[in-house]
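Undergrad: Structure provided below as structure tokens; questions to follow.
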Ligand code: ATP
Ligand code: MG
């Protein structure tokens, strides 16, 4: 096993979907065998957008249980709920004093999200990347798996770490981006020019990890494609975004190559193909759903896992936080 530490998190903003699974979570399961993995349900991050308390509480538990259901091993990894470790909020305050207003103003996610939630542009939405830096730096993470949307935030985490290290003495490990192999970017089933997203209000746009078989198949049958009929992958044709996305999903879920997929469906129409993709996804999710149901039937077990995860996280982060307090000069 490599000594390297990986940190990654998912927000409990809604039930994780096929995009989260193929783009991130499936790799979390693979990485646990090769790295010291620290995985978090980022509930504090989710508060930047107004949550309904009872629903939020359920979503935090659901997300945590789903991570175990897909195969995250709580013995091999540190799997915890962010707010169960108060060090994140503590370090975030201190690091915010090492972050410049101008730096945060340049974050494109802040610009996007404040446009989307113009009725609630709160300070948390603005300082969100500082909390993210605290998440990563607390555990001295070497690697952070990221999609293109998070590149700017990781660079900021590094800048904050460098600034602190220079002001005092080496304290934080500088995290490197980790681009996982075979991670697919999955697009919305109803508007294939947009990414599949938890916060999309259209239920037909995404497939949740807990959708039932017939619901999954129905959503794929409705997936937006184009007016031709050949199942051929063409990255350079924007009008083919729908069919390209379905081919990406099919190959990611079955492990087949694009040409194998094209061959398998040659001479068949979009209808047959959509059914094939829907069935493949439903097959892949059947075990996850079963495992999730088994897990949630035992509330005590889940709570015990959460407690154990939080203890492991605290034990690791307290070392960093103590160092930081001391270097700053707090008594
Ligand atoms: P939200 O709409 O609330 O931001 P999200 O669907 O973007 O939700 P996140 O919790 O922000 O999900 O991201 C969790 C992980 O899933 C991240 O690593 C992110 O890069 C990845 N991810 C999110 N959407 C997709 C997608 N459509 N395809 C591939 N990976 C994705
Ligand atoms: Mg997101």
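In my numbering, the protein residues as written are 1293 to 1623. Built from N, CA and C at the ideal position, the CB exists for glycine as well. If you're wondering where the values come from, they're calculated on a predicted model, not measured in any experiment.
Residue 1488 by DSSP, collapsed to three states: which one?
TA: In this structure, residue 1488 counts as coil in the three-state DSSP scheme.
Undergrad: Cβ-heavy atom distance between residue 1478 and the ligand ATP below 7 Å?
TA: Answer for residue 1478: yes, Cβ within range of the ligand ATP.
Undergrad: Whole angstroms is fine: what's the gap from residue 1477's alpha carbon to residue 1544's?
TA: Looking at the two C-alpha atoms, the distance is approximately 10 Å.
Undergrad: Taking 8 Å as the threshold, find out whether the region 1424-1437 comes into contact with the region 1381-1401 through three or more Cβ pairs.
TA: Yes, the region 1424-1437 is in contact with the region 1381-1401.
Undergrad: Does DSSP put residue 1356 in a helix, a strand or coil?
TA: Three-state DSSP puts residue 1356 in a helix.
Undergrad: How about residue 1341 and residue 1409: are their beta carbons less than 8 Å apart?
TA: Yes, the pair counts as a contact, with Cβ atoms nearer than the cut-off.
Undergrad: Quick one: what's got a C-beta closer than 8 Å to residue 1239's C-beta in the same chain, skipping five residues either side?
TA: Lying before the first or after the last residue shown, residue 1239 is absent from the chain, which here runs from 1293 to 1623.
Undergrad: Entirely within the region 1535-1573 and at least 4 residues each: give me those alpha helix (DSSP H) ranges in chain order.
TA: If we require 4 residues or more, the alpha helix (DSSP H) runs fully inside the region 1535-1573 come out as 1550-1556.
Undergrad: Could you spell out the range, first to last residue, of the beta strand (DSSP E) harbouring residue 1469?
TA: First-last of the beta strand (DSSP E) with residue 1469: 1468-1470.
Undergrad: For the region 1365-1372 against the region 1596-1612, do three or more pairs of beta-carbon atoms, one drawn from each stretch, fall closer than 8 Å, so that the two count as touching?
TA: Yes, they touch.
Undergrad: At which residue ranges does the region 1403-1442 contain complete beta strand (DSSP E) runs of 3 or more residues, listed in the order of the chain?
TA: Counting whole runs of 3 or more residues, the region 1403-1442 contains the beta strand (DSSP E) stretches 1435-1437.
Undergrad: Give the DSSP bridge partners of residue 1299, in chain order.
TA: Note: residue 1299 sits in a beta bridge opposite 1330.
Undergrad: State the DSSP-derived secondary structure class of residue 1512, mapped to helix, strand or coil.
TA: Helix, per DSSP.
Undergrad: Starting from residue 1314, follow the beta strand (DSSP E) in both directions and report where the run begins and ends.
TA: From DSSP, residue 1314 is part of no beta strand (DSSP E); its letter is neither H nor E.
Undergrad: Any idea what DSSP makes of residue 1479, helix, strand or coil?
TA: Strand at residue 1479.
Undergrad: So residue 1372 is in the beta strand (DSSP E); what residue range does that whole segment cover?
TA: From DSSP, the beta strand (DSSP E) with residue 1372 extends over 1370-1373.
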